[in-house]
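*Asks:*
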Amino acid sequence: MIGFVLRRIGVSVLILIAASFVMFNLVAISTDPLEDLRQSSLPNKQQLIQARIQLAHLDVPAPVRWAMWLGGVAKCLIPFANQCDLGVSFHGAPVTELLPTAMGSTVQMVTASLVLAILFGLMTGILSAIRENSGFDSSFTVISLFLFSLPSFLAAAMLKSFVAIGYNNFLQDPVIPIWVSLVIGVVMGVIVQAVVGGDARRRLIAFGINFVLTSGLLIYMSATGWFLTPAIGPVALPIISIAMAVGLVALLAGLHQRRALLTGGIVAVIGIITYFSIQGLLDQATPLLILVLAVVAIVVGLAVGYFVGGDDRKQNMRIGAILAFLISLLILIDRFMQSFPGYMFDTNGRPVATVGSGTPGYDPNNMWRSGLDVFFHLVLPTLSLLAISFAQYTRYSRAGMIEVMGQDYVRTARAKGMPERIVVVRHAFRNVLIPITTLVATDLGALLGGAIITEYIFAIPGMGQLFQASLGPGDIYPVMGYFLVIAVMAITFNFLADLSYAALDPRVRVR
Amino acid sequence: MTDSLPSLVDEVVTEKPVSQGRLVLRRFLRQRAGLIALIVLVLVLILAVSSIGVGPIKGWWPYNYYTPSPKIVNNGAPTLQWWPFSLGQHPFGQDRIGRDYFAMVMRGIQNSFVAMILITTFAVVTGVVVGAIAGYYRGWVDSVLMRITDVFIVIPAIVIAAVVGNWAGAIGVWVLGIMLGFFSWMVIARLTRGEFLSLREREFVEAARVAGASDARIIFKHILPNATGVIIVSGSLLAASAILLEAAISLLGYGIRSPDVSLGLLIGANQSAFTVRPWLFWWPALFIVTLALSVNIFGDVLRQAFDPRSRRFSTRRVKDGPDQQPEDVGGGAATEATFGGI
Numbered sequence: 001m002i003g004f005v006l007r008r009i010g011v012s013v014l015i016l017i018a019a020s021f022v023m024f025n026l027v028a029i030s031t032d033p034l035e036d037l038r039q040s041s042l043p044n045k046q047q048l049i050q051a052r053i054q055l056a057h058l059d060v061p062a063p064v065r066w067a068m069w070l071g072g073v074a075k076c077l078i079p080f081a082n083q084c085d086l087g088v089s090f091h092g093a094p095v096t097e098l099l100p101t102a103m104g105s106t107v108q109m110v111t112a113s114l115v116l117a118i119l120f121g122l123m124t125g126i127l128s129a130i131r132e133n134s135g136f137d138s139s140f141t142v143i144s145l146f147l148f149s150l151p152s153f154l155a156a157a158m159l160k161s162f163v164a165i166g167y168n169n170f171l172q173d174p175v176i177p178i179w180v181s182l183v184i185g186v187v188m189g190v191i192v193q194a195v196v197g198g199d200a201r202r203r204l205i206a207f208g209i210n211f212v213l214t215s216g217l218l219i220y221m222s223a224t225g226w227f228l229t230p231a232i233g234p235v236a237l238p239i240i241s242i243a244m245a246v247g248l249v250a251l252l253a254g255l256h257q258r259r260a261l262l263t264g265g266i267v268a269v270i271g272i273i274t275y276f277s278i279q280g281l282l283d284q285a286t287p288l289l290i291l292v293l294a295v296v297a298i299v300v301g302l303a304v305g306y307f308v309g310g311d312d313r314k315q316n317m318r319i320g321a322i323l324a325f326l327i328s329l330l331i332l333i334d335r336f337m338q339s340f341p342g343y344m345f346d347t348n349g350r351p352v353a354t355v356g357s358g359t360p361g362y363d364p365n366n367m368w369r370s371g372l373d374v375f376f377h378l379v380l381p382t383l384s385l386l387a388i389s390f391a392q393y394t395r396y397s398r399a400g401m402i403e404v405m406g407q408d409y410v411r412t413a414r415a416k417g418m419p420e421r422i423v424v425v426r427h428a429f430r431n432v433l434i435p436i437t438t439l440v441a442t443d444l445g446a447l448l449g450g451a452i453i454t455e456y457i458f459a460i461p462g463m464g465q466l467f468q469a470s471l472g473p474g475d476i477y478p479v480m481g482y483f484l485v486i487a488v489m490a491i492t493f494n495f496l497a498d499l500s501y502a503a504l505d506p507r508v509r510v511r
Numbered sequence: 001m002t003d004s005l006p007s008l009v010d011e012v013v014t015e016k017p018v019s020q021g022r023l024v025l026r027r028f029l030r031q032r033a034g035l036i037a038l039i040v041l042v043l044v045l046i047l048a049v050s051s052i053g054v055g056p057i058k059g060w061w062p063y064n065y066y067t068p069s070p071k072i073v074n075n076g077a078p079t080l081q082w083w084p085f086s087l088g089q090h091p092f093g094q095d096r097i098g099r100d101y102f103a104m105v106m107r108g109i110q111n112s113f114v115a116m117i118l119i120t121t122f123a124v125v126t127g128v129v130v131g132a133i134a135g136y137y138r139g140w141v142d143s144v145l146m147r148i149t150d151v152f153i154v155i156p157a158i159v160i161a162a163v164v165g166n167w168a169g170a171i172g173v174w175v176l177g178i179m180l181g182f183f184s185w186m187v188i189a190r191l192t193r194g195e196f197l198s199l200r201e202r203e204f205v206e207a208a209r210v211a212g213a214s215d216a217r218i219i220f221k222h223i224l225p226n227a228t229g230v231i232i233v234s235g236s237l238l239a240a241s242a243i244l245l246e247a248a249i250s251l252l253g254y255g256i257r258s259p260d261v262s263l264g265l266l267i268g269a270n271q272s273a274f275t276v277r278p279w280l281f282w283w284p285a286l287f288i289v290t291l292a293l294s295v296n297i298f299g300d301v302l303r304q305a306f307d308p309r310s311r312r313f314s315t316r317r318v319k320d321g322p323d324q325q326p327e328d329v330g331g332g333a334a335t336e337a338t339f340g341g342i
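Each protein sequence line maps, in turn, to chains A and B. Its first residue numbered 1, the first sequence is counted upward by one per residue in the numbering used here. Its first residue numbered 1, the second sequence is counted upward by one per residue in the numbering used here.
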């Protein structure tokens, strides 16, 4: 095992060095770093050219410059010496200072879209596979093909023009006409009945319940001005928590398992009590406190599962932890929503932003409002990044699930009389995860690349923007700094994918 | 992919009893979506080529994509009318300096096609050669070639495309397409190598070797025809993302440059004019999605047609008739080769 890890790291470093050589020379060949100065009409043109040649060592051939750059990179590996030298940009700023500021929003965006894409992609992919050849399946196949063919710059531009401006305009007078609520209700009903499947009666009931719930909720929200003062609230939060508990137990254990139900119930009750008692503390929250609270929540969930115990202690602990996490998330979302009116006031009633990664000079000294600021700046870029990855995960997990569902051990499980739920969740789903881990690694590279375009359209000063703005003038060191971050991330994730592959699939041995 | 389609058709004409080509064609035609996608592609291509012509040859459309006109008709808005149908003077409107937008969009489509075909062809040829040599000879040749592949695969497609396009895009779409093709072969190489690794152990290769066939003959006459399925499918999916790749880097300013036109360039230049002159955004957007979607659907149907397992079973059928079995197990979706994230 240790041999495998060491060898892999060694090979990765060699690949990284070779790739950086290719990249450095390609950039050096393809750009003319003096073009803008040569065409300028400034009186001290020659002087400026000389200064830049000095600054970027342009008098040395590119391979030698690469070696010098590599020497600077190597210094980063010395721990605690703080001697990193990734070169300087044309403006004299060291790349080591440019990168951390640029990385923030890119990392947030890419992480959020990666997590959401995996979550929703797996969900729809598996549902499509279970209901293969149904209306739901074919509509999602068409949707994912469409998303696949939709260039992300197009999606980004459309989100910017329709969703951002449209939602801001909507907030000026947040009333949904009744007929729109009804139409949305019908759409939701149709989707849900397609997922539920079964005979006509079952489908009709599913459609009816969802239609009434969705339209009723929308009409209620519109009538009470929910969109201006959003909150989950002391009524809905307990209901949703309990619904989540029941749903989670039904999915992971089955409702006939008393102990699992008990775990879910206890965690839900603790969560609801916490919700009412914690509000004062949350008002002065810091990100660190939130992190601590999240850990505490998960530990409490695990503990409840452990003490309820029973035949399947592990399963109950899992249910407890996941449920505690979800309820904490709910409480968190509720608290963010409570700050929305204040944020809305701060942004003159137009909260959804179309450019940048934050309102310039906005410092409300309040974690919730600055959190909302980041959220409303990054939500649309994240969505446009999400679109393509989502399509990919849907397609892969659907293909994987269909394949797995046809295999012998699934038939065996069915033959044993296992309920379909357990066959899907316990037997099939876990094996679908194996190929998905490989996809995550490659998808991360694609997401980081896609961020270049998204950041360009939304004018977000992230890493992609750094790359794209530096490549044009031939400013090689920021480009290489960008490359270094991307390549290290790609290689790391590939490595992690290999390891988790081995962890998930006992047939694979790392040697 | 472009070379192999006619050969499928030939095999149908000669009517070999159960050739793979005939089987695939039959399965392809059964799916109406693939056929429709193909027809749409051909129609768009005919429209783009015949309207403004190619090079010195003039098309039926009176305007070209580079001459600004001082006369702005209808405030630059599209004169296209659906009912009663009439094109008017500038069916897609005019841009800010009065160039005919229909001609510009048509030129953009032509460039998309050229870029797609060049990128795909060069990527597939390079990838197949590298993958075939690595998979056939194995040993140190394989290790060296695959490590080179690893090196190139580390750099995200759009990054390398922007770097290459920064130089090649200024010269023109032909050089751009060829250069991008040379930097997009990695996935095809890996897939081809995988196919070759398993095929070279089969009896028919052994038989050919015993009969005294040369390495080149074994590679091209015996193994390669058996690997065409994977190559054609991944090539066609690569083609769809090639269209998007060209558009994306042109949008960033590293692909095709003005005065030449690319769909990505048009969208990038006009995304800020969205509220004022939405047609400058919508027409190129419509055509790029149409192109990419048709190629994707075509590729997807092709994949199903080549995939021996695709129609063999579903959960329902497995429940009904358990003796239908999937034959070979491998990632069905793993044959996809895309740049992703564009």
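We put the beta carbon where it would ideally sit given N, CA and C, even for glycine.
1. Please classify Lys160 (chain A) as buried or exposed, where buried requires at least 16 neighbouring CB atoms within 10 angstroms.
2. Is Gln468 (chain A) helix, strand or coil when you go by DSSP?
3. Any idea which residues DSSP pairs Val88 (chain A) with across the strands?
4. Give the interface partners of Tyr136 (chain B) over in chain D, defined as CB-CB distance under 7 Å, in chain order.
5. Closest by CA to Gly361 (chain A), which one among A:Asp373, A:Thr354, A:Leu114?
6. How many angstroms separate the CA atom of Ser262 (chain B) from the CA atom of Ile178 (chain B)?
7. Less than 7 Å between C-beta atoms, sequence neighbours within five positions excluded: which residues of the same chain meet that for Ile9 (chain A)?
8. So with CB distances below 9 Å, who are the chain B contacts of Asp268 (chain A)?
9. Report the residues of the stretch 271-289 of chain B with a CB closer than 8 Å to any CB of chain A, ordered along the chain.
10. When burial is assigned at 16 or more other CB atoms within 10 Å of the CB, is Asp199 (chain A) buried or exposed?
11. If Ser389 (chain A) and Ala117 (chain A) are in contact, beta carbons under 8 Å, what's the gap, nearest whole angstrom?
12. For Leu244 (chain B), which residues in chain A fall below 7 Å Cβ to Cβ?
13. Compare the C-beta of Phe483 (chain A) with all C-beta atoms of chain B and state if any pair is closer than 8 Å.
14. Indicate the three-state DSSP secondary structure (helix, strand or coil) for Ser161 (chain A) in the structure shown.
15. Please identify the residue among A:Val246, A:Thr359, A:Ala67 whose C-alpha is closest to the C-alpha of Gly263 (chain A).
16. Exposed or buried, what is Val54 (chain B) when buried is set at 16 or more other beta-carbons lying within 10 Å of its beta-carbon?
17. Ordered along the chain, which non-local residues of its own chain (more than five positions away) have a Cβ less than 6 Å from that of Asp443 (chain A)?
18. Along the stretch 296-307 of chain B, what residues have a CB closer than 8 Å to any CB found in chain A?
19. Is the Cβ of Tyr63 (chain B) closer than 8 Å to any Cβ of chain A?
20. Tell me, please, whether the stretch 487-494 of chain A touches the stretch 143-158 of chain B by the rule of three or more beta-carbon pairs shorter than 8 Å.
21. At the 8 Å Cβ level, is Leu448 (chain A) part of the contact set with chain B, yes or no?
22. Specify the secondary structure class of Asp283 (chain A) as computed by DSSP and reduced to three states.
23. The alpha helix (DSSP H) with Trp174 (chain B) in it runs from where to where?
24. When the Cα atoms are used, what is the spatial distance from Gly371 (chain A) to Pro351 (chain A)?
25. Can you pull the chain B residues whose beta carbon is under 8 Å from the beta carbon of Leu154 (chain A), in chain order?
26. So which of A:Gly166, A:Phe276, A:Ile331, A:Ala93 has the shortest CA-CA distance to Ala56 (chain A)?
27. Who does Asp100 (chain B) pair with in a DSSP beta bridge?
28. Just to check my reading of the structure: Phe92 (chain B) and Pro70 (chain B) have Cβ atoms closer than 8 Å, yes? What is that Cβ distance to the nearest angstrom?
29. Enumerate, from N- to C-terminal direction, the unbroken alpha helix (DSSP H) stretches of 4 or more residues contained entirely within the stretch 205-266 of chain B.
30. So, does the stretch 184-195 of chain A touch the stretch 206-226 of chain A, judging by three or more C-beta pairs under 8 Å?
31. Could one say the Cβ of Arg7 (chain A) lies closer than 8 Å to chain B's Cβ atoms, at least one of them?
32. Hey, how far is the Cα of Gly255 (chain B) from the Cα of Gln54 (chain A)?
33. List, from N- to C-terminal side, the alpha helix (DSSP H) runs of 4 residues or more that fit wholly inside the stretch 291-363 of chain A.
34. Can you find a C-beta in chain B that's less than 8 Å from the C-beta of Gln257 (chain A)?
35. What does Gln81 (chain B) pair with, by DSSP beta-bridge criteria?
36. Can Phe148 (chain A) and Asn296 (chain B) be called in contact, C-beta distance under 8 Å?
*Replies:* Straight from the coordinates:
1. Looking at its Cβ environment, which holds 16 or more other Cβ atoms inside 10 Å, Lys160 (chain A) is buried.
2. Of the three classes helix, strand and coil, the one that applies to Gln468 (chain A) here is helix, per DSSP.
3. Val88 (chain A) is bridged to A:Pro94.
4. Absent from the structure is chain D; the protein chains it does hold are A and B.
5. For Gly361 (chain A), the nearest C-alpha among the options comes from A:Asp373.
6. As the crow flies, the alpha-carbon of Ser262 (chain B) is around 16 Å from that of Ile178 (chain B).
7. Hits under 7 Å: none found.
8. Per the sequence presented here, residue 268 (chain A) reads as Ala, with Asp not at that position. Residues of chain B passing the Cβ test: none, with the nearest at roughly 34 Å.
9. When C-beta distances to chain A are compared with 8 Å, the residues of the stretch 271-289 of chain B below that value are Gln271, Phe274, Thr275, Phe281, Ala285, Ile288, Val289, in chain order.
10. When all chains shown are included, Asp199 (chain A) counts as exposed.
11. Here Ser389 (chain A) really is in contact with Ala117 (chain A); their C-beta atoms are around 4 Å apart, less than 8 Å.
12. Within 7 Å Cβ-Cβ: Pro151.
13. At least one chain B Cβ lies under 8 Å of Phe483 (chain A).
14. DSSP places Ser161 (chain A) in helix when its eight states are reduced to three.
15. For clarity, residue 263 (chain A) is Thr in the given sequence; the question names Gly instead. Sorting A:Val246, A:Thr359, A:Ala67 by C-alpha distance to the C-alpha of Thr263 (chain A) places A:Val246 at the top.
16. Here Val54 (chain B) is exposed, its C-beta having fewer than 16 other C-beta atoms within 10 Å.
17. Scanning its chain for C-beta atoms nearer than 6 Å, with the 5 sequence neighbours on each side dropped, one finds around Asp443 (chain A) the residues Ser389, in chain order.
18. Answer in chain order: Asn296, Ile297, Asp300.
19. In terms of beta-carbon proximity, Tyr63 (chain B) stays away from the interface with chain A, with every pair separated by 8 Å or more.
20. Contact check between the stretch 487-494 of chain A and the stretch 143-158 of chain B: three or more CB pairs, one atom from each, fall below 8 Å, which counts as touching.
21. Between Leu448 (chain A) and chain B, the shortest Cβ-Cβ separation is below 8 Å.
22. Reduced to three states, the DSSP call for Asp283 (chain A) is helix.
23. Its alpha helix (DSSP H) spans residues 173-182.
24. As the crow flies, the alpha-carbon of Gly371 (chain A) is around 12 Å from that of Pro351 (chain A).
25. Residues of chain B passing the Cβ test: Ile267, Ala285, Ile288, Val289.
26. Closest in alpha carbon position to Ala56 (chain A), among A:Gly166, A:Phe276, A:Ile331, A:Ala93, is A:Ala93.
27. Beta bridge pairing from DSSP links Asp100 (chain B) with B:Gln94.
28. That belief does not hold up - the Cβ atoms of Phe92 (chain B) and Pro70 (chain B) are roughly 19 Å apart, past 8 Å.
29. Unbroken alpha helix (DSSP H) runs of no fewer than 4 residues, entirely contained in the stretch 205-266 of chain B, are found at 224-252, following chain order.
30. Contact between the stretch 184-195 of chain A and the stretch 206-226 of chain A is present, because at least three Cβ pairs lie under 8 Å.
31. So, not an interface residue.
32. Using only the alpha carbons, I get a separation of about 30 Å.
33. 313-338, 340-346, all fully within the stretch 291-363 of chain A.
34. False, the Cβ-Cβ gap to chain B never drops below 8 Å.
35. Beta-bridge pairing links Gln81 (chain B) to B:Ser86.
36. If you check the CB distance, Phe148 (chain A) and Asn296 (chain B) come in under 8 Å.
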